[in-house]
Structures are given as structure tokens and as C-alpha cells.
Amino acid sequence: MLLKHVLPEQYQPTLVLDDERHLSIRLFKDNDQRREKLRPFRILSGSLHYFRVLPQVWSDRIEEMKRAGLNTIETYIPWNLHEPERGVFKFNEGLTDLSSFLKLVHQHEMFTIVRPSGYICAEYEWGGLPSWLLQDNQMRVRSTYSGFLDALKKYYSVLLPILSEHQYNRHGQGSIVAFQIENEYGSYGEDKEYLQAIRSMYIEYGLDELFFTSDGARDLTRGTLDNVWATINFQRHVKESIEQLIAFRSHNHLMISEYWTGWFDYWGGRHQTGSSGVYSADEFEKDLEDILLNSKYEISINFYMFFGGTNFGFTSGGHHFPSKKYSPLVTSYDYDAPLSESGDRTDKYFVIQRVIKKFYDLHPHLIVYNHQRIKEDKFKITERKSSKKAAFNRIKIYGYKTFEQILHDDILTNKCEVKDGPLNMEQVKIPARSNAGASQGFIVYTNNNMEKFFEEKHVEQRVTIKSIADNALVLVNGKVIYKSLCSDNSIQFNIPPDTKNLTIIVENMGRINFGPTLDHSRKGIL
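Residue numbers (this note's numbering): 9 to 534.
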């Protein structure tokens with residue numbers, strides 16, 4: 009039996025795990041306001057990232073997931089979205105309006121699983137970590153390093169009280185039933201003191217629903233704690249993966265926190281959507297039947313992703329391993345998911361709908377939805393009206409700015425003059441963002457007094473930059489002479505003796521979101 013949190017009786021966790029791999033749920037239902045009755049339950053969840061879809065269609069995506077047979081929405085919370093500058097918190101408008109999203113899930117009679125760790129991976133810019141952490145040259149993220157944990161606690165002091173109010177056990181007015189501690193930490197480290205520090209912060213700020221961790225099969229031991237629900241992430245190889253989870257925690261209810269419905273795209277790599285994807289609908293259906301219909305075990309599942317959405321702006325991440333080059337991810341996060349980036353149903357959507365209908369026919373006693381009404385609680389397949397599509401008319405361009413005009417535009421460009429050599433993006437002091445530095449996009453290095461670098465007239469000079477990230481474009485007197493794509497290694501180029509102006513444009517293609525080099529994610533000239 010997992011150790012219980014110490015909390016008032018009325019705030020007991022909604023989800024209940026026993027020693028025989030069963031999952032039950034406490035509901036405010038049928039006049040049971042003390043939630044004394046334990047009802048059999050299975051988590052049928054899908055990942056929907058509120059920050060990857062416009063708020064205007066949050067409700068539509070949630071409703072479509074419910075129509076597929078799901079009872080739970082799972083989402084990450086990206087730290088860098090909600091604290092873009094140190095001490096500047098955003099939770100009240102647009103993509104940052106987390107409370108409105110959670111209220112919508114509740115209104116649609118569904119539960120929520122929240123993954124609020126400072127690091128989320130998610131193929132998102134620096135795994136959701138705020139780039140201003142890198143102003144500290146000693147920074148060690150995902151560790152007990154005081155510079156990291158102190159910043160995380162200040163963020164949690166704002167975020168976690170918001171989440172606390174949306175817990176289901178707060179008299180049924182919320183939908184959250186579980187919180188993840190860290191994210192696939194076993195693939196990165198094994199510092200139990202760090203994991204325990206996060207758990208303690210959760211409790212300190214009022215989170216008392218069920219806590220869990222999720223890891224790949226090989227990383228289960230490293231990534232969890234003894235008193236936390238251990239879950240697993242994988243795609244295919246259903247029997248082998250489930251057996252590995254049982255071997256690790258034989259008494260726990262079996263939960264697949266990420267069952268990968270597809271995959272993501274790298275710039276220049278193979279497109280993963282539709283017929284070119286790595287995981288066909290037919291293969292997906294067979295595996296899903298093995299999980300929900302054919303297994304001798306009770307298994308809960310979260311489909312990652314159910315709706316992928318879009319990496320708006322410069323928020324896509326990248327991967328970098330010692331044996332491979334840096335690989336940035338594309339703007340689309342379609343993921344070949346059951347709902348496409350535009351919100352349309354794909355073949356995988358109908359697979360899930362069919363299999364879940366069969367599942368509930370086999371298990372009619374299970375609780376389906378989060379509602380207090382006293383009525384029959386059944387899943388029924390319903391159709392949706394075709395989603396509306398519109399094409400833009402021709403757009404007429406009335407003017408443009410040259411590169412030089414952009415550089416001299418105080419609205420479009422933040423300027424910083426230095427004398428001691430080039431700074432990386434995170435070190436640049438921007439008056440309008442004094443606590444953040446430069447975060448995303450482009451950084452332009454310019455020297456307008458290059459004559460002094462030529463010891464002899466009419467002799468080319470060799471310029472070496474030892475480390476640069478990511479794309480680089482070199483201009484001499486306004487003309488391009490060299491370009492480098494996705495290089496974080498040294499670059500070399502020659503400049504002619506008549507050089508008066510040297511400009512180097514560096515594009516940040518996205519900080520690393522997964523891999524062992526997270527601490528080395530600075531951008532620009534390094």
C-alpha cells in the first residue's frame with residue numbers, strides 16, 4: 009500500500025490504490041458527500057496541452073475527447089510560459105489562463121491529471137524551463153542546486169495554490185485527481201533527495217490528490233520514490249512493458265502515463281503524420297485491444313498525444329545527445345495524434361472510440377464521468393458536426409522594412425552595447441526585460457569599426473568563433489559571405505580587407521528539451 013499524505017479526512021485523495029492492482033474512486037455522488045463509498049474506476053485519459061491550442065477552441069477539443077470515450081484530460085504546465093521573467097507571473101489571459109482551462113474540463117464532466125514539474129520535456133522550448141535560469145553560470149537544473157530549487161519554490165508559491173483550488177477533493181468543485189512529480193526523471197538522474205524536495209513542496213502548498221511519477225521501462229528504479237505511484241511510458245511492445253512495470257511494483261495499479269499515439273517531426277527529418285507516420289492505425293488498434301480488452305490485468309491509460317496542436321512562436325524544443333548532432337523540432341506538434349492539428353478526427357480517433365465502447369460493454373460497473381447527477385452513467389458514441397474550415401483571401405503587401413531598418417527600429421529591436429566581447433542571449437541585458445535577458449528568436453552581433461582588426465592593408469583576416477548556437481549568417485558590409493546551419497561547434501570564415509561592418513545573425517532554433525546536456529542550452533555566440 010502506498011503511504012498516504014497526512015491531511016484532513018475530507019481532503020483524502022480521490023483516487024485509491026489497493027494492494028491488488030485495483031483502482032477505485034471517491035466521488036461526491038448519490039448523496040455520499042463524505043465520499044465513503046469506493047467505486048471501481050479506470051483512467052481513460054488523453055493529453056491536451058492548453059498552451060498548444062487557442063483558448064477559443066479549448067472547449068471543442070475537450071468535448072471531442074469526451075466523445076471518444078475518455079474520462080480524463082492530462083496536461084503539462086510550462087514554467088517558462090507562466091514566469092517569462094524572474095518574478096513576473098502570468099496566469100490570467102490567453103494561453104496562460106490556466107484556471108479557465110481547468111474550469112472547462114470540470115464543466116465537461118471530466119477529470120484532470122496535471123504535470124506541473126519545473127521540467128516537462130514535451131518537445132517544448134528547454135523542456136518548459138525559463139531561460140533566465142541560465143544567467144547563473146553554475147546552474148544545474150533538475151537537481152538540489154539551491155539556485156534551481158529556490159527559483160522553483162518561488163514559482164510554486166504562485167502556481168500550486170491555484171492548482172490546489174481545482175482539486176476534485178475540494179468538495180467536487182474541481183477536476184484534478186493526480187499530480188506528477190518530475191517528468192521521466194529516471195532518464196536523466198537518480199537524486200531521490202531532489203524528488204523528495206518536489207513532493208514536499210507539493211504538500212506544503214496544499215496539493216493532496218494522488219502523486220505519481222512516469223518513466224520508461226529501463227528507468228523506473230531511478231525515477232520514482234517508494235511512497236509515490238510509479239507509472240510507465242512506452243509505445244508498442246505492450247506485454248513486455250507491462251511485465252516490466254509489474255516486476256518493479258507488483259502491487260500497484262497499472263498505469264500507462266504516456267502511450268505514444270505517434271511521434272514528432274525534426275526539421276529536415278521524416279514527416280510522421282498519416283501514411284508516412286511510424287505507427288499506423290491498424291497497428292495502434294491491435295495494441296490498444298491488447299491493453300484494454302485482452303490483458304488479464306486492469307490497466308489505465310493516457311494517450312500521448314490525443315491532440316498535439318502547435319508550438320506557437322519560438323516555443324519548439326530540440327534534442328542533443330553526445331553521439332548525435334543537435335536536432336531542432338518543427339512548429340507543428342500534430343504528432344499523428346487521434347485529433348489532427350486542425351482538430352479533425354483521424355483514423356486513430358475512431359480506433360479509440362471503438363475500443364473504449366467495447367471496453368465499457370465488458371465493464372458496465374465502472375464509473376465513466378465526473379458528475380454528481382443521479383442517473384445512468386454510460387458511454388455512448390455520438391457524432392460531431394464537420395468542423396468549419398476557411399481559406400484566407402489574397403494578402404496585399406503595402407510595404408516592408410529592410411534588415412538595416414529593422415536593426416534601427418527601437419520597437420522591433422532591443423539593443424545592448426558591450427565592450428568585452430560578445431554575450432550569449434541569456435547574458436544580454438534588455439531594459440524592457442531586466443530580469444530575463446534575451447530568450448527566443450534572433451540575436452544580431454554588429455561591429456561597425458572593423459578597420460582596426462587589419463594589421464596590413466589588402467590582406468584577408470581569418471575569423472574563428474569557437475562555439476555558436478544555432479543557425480548563423482555572417483554579413484560583411486551588408487552582404488552575406490557565410491552561413492552555418494544548426495551548428496553548436498566552431499565556425500571559421502574569411503573577411504576581406506575592405507571590411508568596415510561585420511554582422512553575425514544567430515537564430516535560436518529551440519533549447520534542448522531532452523537529453524543529458526540540458527545545463528548547456530545557452531544560445532548565440534558562446
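Glycine residues also receive a C-beta, built at the ideal position from the N, C-alpha and C atoms. Given the structure is predicted, the values throughout are model-derived calculations rather than measurements.
Bridge partners - THR83, DSSP secondary structure assignment: Beta-bridge pairing links THR83 to VAL122.
Burial state of GLU524, where buried means 16 or more other Cβ atoms lie within 10 Å: For the record, residue 524 in the displayed sequence is Pro; it is not Glu. By the neighbour-count rule (16 or more Cβ atoms within 10 Å), PRO524 is not buried but exposed.
DSSP three-state assignment for GLU266, whether helix, strand or coil: strand
Classification of ILE520 by the beta-carbon crowding that lies within 10 angstroms, buried from 16 upward: So ILE520 counts as buried.
Rounded separation between ASP223 and PHE461 - CA only: 54 Å
Touch test, the segment 180-198 against the segment 222-241, Cβ-Cβ under 8 Å, three pairs minimum: yes
Given TRP140 as reference, the closest of TYR19, VAL436, VAL471 and TYR132 once Cα atoms are compared: VAL436
Start-to-end residues for the alpha helix (DSSP H) that takes in PRO169: 154-173
Distance between GLU71 and LEU46 (C-alpha atoms, nearest Å): 27 Å
Delimiting residues of the alpha helix (DSSP H) encompassing ASP75: It is Arg, not Asp, that sits at residue 75 in the sequence shown. Its alpha helix (DSSP H) spans residues 66-75.
TYR377 versus PHE320: straight-line alpha-carbon distance, rounded: 32 Å
Proximity below 7 Å, CB of PHE522 to CB of CYS129: Pairing PHE522 with CYS129 gives a Cβ-Cβ distance under 7 Å.
Candidates ARG60, ASP478 and LYS409: closest to PRO105 by CA position: Sequence check: residue 105 is Asp here, not Pro. The shortest C-alpha separation from ASP105 is found at ARG60.
Pairwise C-alpha distance: ASN191 and GLU291: 27 Å
Cβ pair SER350, THR339 closer than 7 Å: no
Residues bridged to ILE211 [DSSP beta-bridge criterion]: The partner list for ILE211 (beta bridge, DSSP) is empty, contrary to what the question assumes.
Simplified DSSP state of ASN516, which is helix, strand or coil: Under the three-state reduction of DSSP, ASN516 is assigned to coil, being neither helix nor strand.
Exposure label - ASP344; buried when at least 16 CB within 10 Å: buried
Beta-carbon proximity of THR120 to ILE189, cut-off 7 Å: no
Same chain, Cβ closer than 8 Å to THR152, neighbours up to 5 away in sequence not counted: Taken in chain order, the residues that qualify are ASP199, GLU201, TYR202 and ALA205.
Stretch pair the segment 302-315 + the segment 73-84: three plus CB contacts closer than 8 Å: yes
Other residues of its chain near HIS328: CB distance less than 6 Å, five sequence neighbours each side excluded: TYR334, ILE520, GLY523 and THR525
PHE272 to LEU218 span [Cα, whole Å]: Each residue's Cα considered, the two are about 30 Å apart.
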